[in-house]
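Worksheet: one structure, shown below.
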Amino acid sequence: MDDLDTCRLPRHCGEQANPLALPAPAGCRPGADRGPAGAAARAPARDRGVCRCQDFTPRAVLCGAAHPRAPCGLGTLAAIMVSIHASARSALKRERGTAAEDVFQRRRGMGVHEMMPVAMCAEIFGALGAWWVLDGRADAHALSVWLAWRLSVSVGRLLHSLATLRGWLPVDQVHMRVFRLSVLLDALVWSAMGWALTPLFNLEVAIVSLSMLVAVSAAGGLMLQMDLPSAGLFIPPILVPNAFYAAQRGDDLGVACLLLLLCMAALLLVEARRNNRRIRELQRLRHQSDQVARAQAAALEQARVLAETRSRFVATMSHEMRTPLHGILGLARMARKRARDSEQDRQLELIRSSGEHLVGVINDVLDYARMENGGLPLHEEPFDLHALMGEVAETWRLNCQAKGLELRFEADLPAGELVLGDPTRIRQVLYNLLGNAVKFTPDGFVALRAARSARTGRVDFSVQDSGIGIAPGEVAQVFEAFHQAEGTYRRSYGGTGLGLTISRELCVAMGGDLGCSSTLGEGSVFAFSLPLPVQEPPLGGVPRAPAHDDPASGLMALDGPEGGAPRVLLVEDNPVNALVAEAELVRLGMQVQVCGNGVEALAWLEQERADLILMDCEMPEMDGIEATRRIREHERRTGAAPVPIVALTANGPNVYAERCQAAGMNDHLLKPFHTEDLARVLSRYLQRSVADRRQRHADAPEGVAPRGAADDQGVDRGLAAEPRVRLAGPVGHSTRMAPLPGSRSTSCGPKSSEGV
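Numbers 327 to 1082, taken from our numbering, label the letters of the sequence shown in order.
Right under this line is the structure:
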C-alpha cells in the first residue's frame, strides 16, 4: 500500500517545477518510482491501459499536477482551479467592501432571493429522488442522516428567502453573508451524496448520482449567477470533491470523470462570471434609467409647481392691478362727462388712455402666461366678419387721424355674412397688428384688408403700413417674446414686445399662421389666413354690425314685468368699483341694488328678486362662487326660476372658469369693462329674464301675486321719484348726487343670510 501514500511520477515527467504547484504532502517523493521496483509496479498499469500516474488520491493527484508536462494535463486543470478560486475570493472581497453602500447589491440580493422558493422546492423533490435511488444501495444510516440534513438545509433556506422577500429581514451585508454560508452548506450536503453515499464501482448508481450532481450545480449556477460569490461557493464544492472521488477508481473511466467534472466546474464558473457581468451592466443601465426617470419626474413636478405658482402670481397681480384700474377708468369716464373746459377734458383723456394702455399690457402678459401653460382658449361662434372688421377700423381711425395717417379699409366680404370662428381672438389679432402698424408709422398710411380666397376658401387678412420697416436680419425675430426689431426701438416706441408673439400663437391655434414681409425704410406687411366657414343666418335675420350698435339701445326699452326698469343686483366689495359699475348701470336705465358681499346678497334675495346678478368673485365673508352655489341650491329647493348670474372678475375668465361654471354662473365680465361690454351682457340676459318674469306674472292666479311682485309694484311707484346714485361711502350706504333720468339705485343693509 506504499504506492497509495506516495506520489509516483513516470520517468519521462522530468523534474521541472511548476509555478502553480501546490506543496507536496509528506511522503510524496517525485521520481521515487524510477527504480526497478517502481518499473515492476508500473507494469500492470500499462497492461491495463491506464494512465501511468497510478495514485489518484486527491493528495497524489494535486502533487502530480505540479508538473505541467504530466500526461493527464492535471497541471492545467489545477491552474484553472487556482485562478477561479482567486477570482472568486477577489470578487467576494469587492462585494464585502461595497455592499453596505451599493444599491446594486440590494437589487442582486433581492433577485437571488426571488428565485430561491422555487429552487428549494425543486431541491426537496431532488433529494427525495436521490434517496429513492440510493435506498438499498448505500448505507441506510448514512442515507437517513444525509436526507435529514438535505431537507433541513432546503427548508431553512426557503424560510430565509421568504422572510427576506416579505421584508422581515433586510438585504444588507450581514444577511448576504448568512445567505452565502447557507449556499456553501447546501453545496457540501449535495456533494456528500457522491463521495459519502455513492458506491464507486457501481456504475449505474454512480452515473445517476454524478448526473444529478452536475444538474444541481448547473441549475444552481444559473440561479446564483446574479451574485458571483454565491456561485463560486456552490459549484466547486459539489463537483471538485466528487471529481477526485471518481478518480479513485484507478481506471480510465475514473480519469474521464475527473476531467469532465473539473472542466464542467470551470465552465460553469466562467459562464457565471460572464453572465454576472452582463447582469451588472443591465442593472447599471436600469439604475441610470431609473435615475433619469426620477429626475425627469422631479423636473416635471417642479415645472408644474412653478407653472402653478406663476399662474397664481399672474392671476393675483392681474386682480390687484385690474381692480384699481377699473375704478380709475370708470371715474375718468364719469368725470369727463362733467368736464368744464377742454384742458380738463384733455387731462382726463390722458388718464383714460394711460389706463387703457396699462390694461393692454396686463392683457398681453396674461395671454403670454396662458400661452406658455398650454395654449389660449378658443370659443367659436357665428359672427359678422365684415362688421367686426369695420368696428376695428373705426376704433383705430381716430388714432390714425390724430397722428396724421391715412387708414385704408378694404374688406372684400359680403356685408352681413356670418362665419364660424372666434370673434374675440380675431379682433385681438387685428388690434395688435393695427396698433403695431400705427406705432411704427410716422407718416403715410395704414391699410387693413380682407378677402376670401377662391382657391382655398380661407379668409386672407393683411395689415400694411408705410412705416420704418424692419431690417432683413430682424424679420425672423419679430415674433419672439419681448423682442422688438433693433433694441433701440423700445426706448423710442415702448411696448412689451408680446403683441406679435401672442398674435402668431392665436393664428396658429385658429388654424393659420402669421407671416411678415418688410423692407427697411419702406414699410411692412403682416398677413395671415384663417379657415372661417360661412354659416347660414338665423331665422331672425342677420344681426347688425356691433360697430353701429348703441350700447344703450334696446336696454332703455326693456321694462320689468309691471312696466318698471329691470332690476340688477350688484355684489361688489370694492367701493370704487361698485360706484363705477352702479353709475354705468344707472346710465343704462337699470334699477340697481348694491351689496358688499355674498352674505348681504343672500339676505336681500330672501325678500326680493333680481332680473340679473353681477357677482364679484373675490369678497370677504363669502365670495361670489359660494354665494352663487347657495343661490342655485335655494332656487332648486323652492322651484324658483334661475336668475342669470354674471361673474365680475379681474383675473381673466380661465382662472375661475371651471369653478364659476360648476357653481352655476352663466357668464363673466372682465374688469375693467367698457360700457359696450356691460350693455352686451345686459342685453343678452335681461330680455330672457324679463320675459320669464312676465310669463310668471301672466300665469299667476287672479289675486295672487308671484314672488317679488309687490316689490316690483313699489319699484314702479318709486320710478316717479327722483333717482339718485351712490357716490361714495361704505357699501350699504348712499351719498346723493345729481339725478340721472329714468333710473334708481339703492343699497343693501346689513341683513342675515340664514335660510338661504
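Cβ atoms here follow ideal geometry from the backbone N, Cα and C, with glycine treated the same way. Since this is a predicted model, take the numbers as computed values, not measurements.
Residue i, enclosing beta strand (DSSP E) - first and last residue
i      : result
Met715 : Taken as a continuous stretch (DSSP letters only), Met715 belongs to no beta strand (DSSP E), being part of the alpha helix (DSSP H) at Leu711 to Lys729.
Leu744 : Leu744 to Gly747
Thr845 : Leu840 to Thr845
Phe505 : Phe505 -> not in any beta strand (DSSP E); alpha helix (DSSP H) instead, spanning Gln499 to Ala518.
Arg734 : Glu732 to Asp738
Ser850 : Gly849 to Leu856
Phe787 : Val785 to Asp791
Asp461 : Taken as a continuous stretch (DSSP letters only), Asp461 belongs to no beta strand (DSSP E), as it is neither H nor E.
Gln919 : Gln917 to Cys921
Val804 : No beta strand (DSSP E) holds Val804; DSSP gives it neither H nor E.
Ala995 : Looking at the sequence itself, residue 995 is Leu, so the reference to Ala does not match. Residues Asp993 to Leu996.
Per-residue DSSP class, three states only, for residue i
i       : result
Gln574  : coil
Ala934  : Per the sequence presented here, residue 934 reads as Glu, with Ala not at that position. Residue state, collapsed to three classes: coil.
Val969  : coil
Asp1003 : helix
Gly493  : coil
Pro768  : coil
His467  : helix
Arg662  : helix
Ala776  : strand
Glu707  : strand
Thr975  : strand
Arg893  : strand
Asp553  : coil
Ile939  : strand
Rounded separation between residue i and residue j - CA only
i       : j      : result
Glu800  : Asp791 : 17 Å
Arg1006 : Leu692 : 24 Å
Ser644  : Gly716 : 30 Å
Glu862  : Leu746 : 10 Å
Leu651  : Ile796 : 34 Å
Glu952  : Ala909 : 26 Å
His457  : Asp553 : In the sequence as presented, His is not what sits at residue 457; that position holds Trp. One C-alpha to the other measures close to 30 Å.
Arg599  : Ser543 : 15 Å
Ala591  : Val618 : 40 Å
Asp993  : Val912 : 21 Å
Leu317  : Pro970 : Outside the shown range of the chain (327 to 1082) lies residue 317, about which nothing can therefore be said.
Leu626  : Ala633 : 10 Å
Asp899  : Gly922 : 4 Å
Gln499  : Ser480 : 22 Å
Limits of the alpha helix (DSSP H) - the one that residue i falls within
i      : result
Ala907 : Pro901 to Arg913
Cys833 : Gly825 to Ala835
Ala953 : Gly950 to Thr964
Ser543 : Leu529 to Leu550
Local Cβ density within 10 Å of residue i, reported as buried at 16 or more and exposed below that
i       : result
Ile533  : exposed
Gln803  : exposed
Pro1056 : In this prediction, Pro1056 scores a pLDDT of 34, lower than 50, which makes its location untrustworthy; no coordinate-derived value is stated.
Trp494  : exposed
Thr845  : exposed
Gly783  : exposed
Cys447  : exposed
His712  : buried
Phe709  : buried
Pro946  : exposed
Pro749  : buried
Arg672  : exposed
Pro859  : exposed
Gln917  : buried
Ala573  : buried
His467  : exposed
Gln919  : buried
Asp465  : exposed
Lys663  : exposed
Residue i Cβ short of 8 Å to the ligand ATP heavy atom set
i      : result
Asp512 : Among the ligands in the structure shown, none appear at all, so the ligand ATP cannot be discussed.
Cβ distance (whole Å) where residue i is taken to contact residue j below 8 Å
i      : j      : result
Arg575 : Phe505 : Contact doesn't hold; Cβ gap of about 36 Å is too wide.
Ala658 : Gly681 : 7 Å
Ala557 : Leu595 : 7 Å
Asp769 : Leu731 : 7 Å
Arg483 : Met442 : 6 Å
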